[in-house]
Amino acid sequence: MSEAWLPLRRPSAAPVLRLFCLPHAGGAASAFRAWPAAAPYGLEVCPVQLPGRETRFAEPLPTGIGDLVPELAEALLPVLDVPFALLGNSMGALIAYELARHLQREYCLAPVRLVVAAARRPGAAADLPPVSHLEDQAFGRAMQDRHGGIPAAILDDPQVGAVFLPVLRADMAMVEGYRPAPAPPLTCPITAYAGTGDRTVGPAELDGWAAVTTGRFERHMLDGDHFAVLPHAGTVIGRLADELALR
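In full-length UniProt numbering, the protein residues as written are 1 to 247.
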């Protein structure tokens, strides 16, 4: 079961830590394709593939984070046999957070660290105006204005947009509909990142994550925009490896 969710995983002979990476809205496992090369020996990077995209294109798109997480947790259980960390970018940060809560509640498992990027604290995305209901062109433009990162071909060519925009729209509907249920705080440390040029997430928004854990919280800013964490694999993985004494 975990193979469908982890198509880019390169199993290590003796893993010391597994890092599961969850993508942004409209994104896929390939967003983290370059990350395994930045990992030191013993740190196994596992990009997560959500349904409805790339290698899982034929599957239905998820409709709610609350429904997605138990299925994801069950699929990952066989590879949670060593210490693990969770990393999520934007929408992926909310999924990673809910996954950490689910694993803590249902299986008494906790990541050694939760890494979140380009994301407001759980529940705060509702502060932004909804856009998933807009027609395709207006929706694409609204997302480009908010976060950037959408190629012109997707915005200008309806045939290209017809492939990509339904995934992005479904993911944004999940984010807009997400309301975290009351629960005890996490116990793991949280590291939060954002790009200095991010239009919607800055230091103040990142600091909201400190309230969802009893563990240590730290914030770091990276050069770049809403997707700044993606090209900074060496920085993020290097810091994680140093903190956990993996190199």
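All C-beta atoms, glycine included, are put in the ideal place defined by N, C-alpha and C.
Asked, Found
"Please report the straight-line C-alpha distance between A117 and L50, rounded to a whole angstrom.", "18 Å"
"Which residue wins for smallest C-alpha separation from Q137, given the options R120, V160, L109?", "V160"
"Name the DSSP beta bridge partners of Y193, please?", "A117, H220"
"Determine which residues share a DSSP beta bridge with A85 and list them.", "L19, R113"
"Measuring CB to CB, does M91 end up less than 8 Å from H147?", "no"
"Give the C-beta separation of R18 and V79 to the nearest angstrom, bearing in mind that I take them to be a contact with Cβ-Cβ under 8 Å.", "6 Å"
"Where does E106 land, buried or exposed, given buried means 16+ other C-beta within 10 angstroms?", "exposed"
"Express the C-alpha separation of T196 and S30 in angstroms, rounding to a whole number.", "24 Å"
"What do you reckon, are the CB atoms on P185 and T213 nearer than 8 Å?", "yes"
"Report the three-state DSSP secondary structure of T235 (helix, strand or coil).", "helix"
"Give me the Cα-Cα distance between S132 and P122, rounded to the nearest whole angstrom.", "19 Å"
"Output the residue ranges of the alpha helix (DSSP H) runs that lie fully inside the stretch 146-183 and measure 4 residues or longer, sorted by chain position.", "152-156, 158-177"
"Taking only the alpha-carbon atoms, compute the straight-line gap between R120 and G177 and give it to the nearest angstrom.", "15 Å"
"With respect to the alpha helix (DSSP H) encompassing V69, which residues constitute its N-terminal and C-terminal limits?", "65-76"
"Among all the DSSP beta bridges, which residues are the ones paired with P47?", "C21"
"By a C-beta neighbour count over all protein chains shown, 10 Å radius and 16 as the cutoff for buried, is F57 buried or exposed?", "exposed"
"Provide the residue span of the alpha helix (DSSP H) that contains L103, from first to last.", "91-107"
"Does the distance from the CB of G66 to the CB of V167 come in under 8 Å?", "no"
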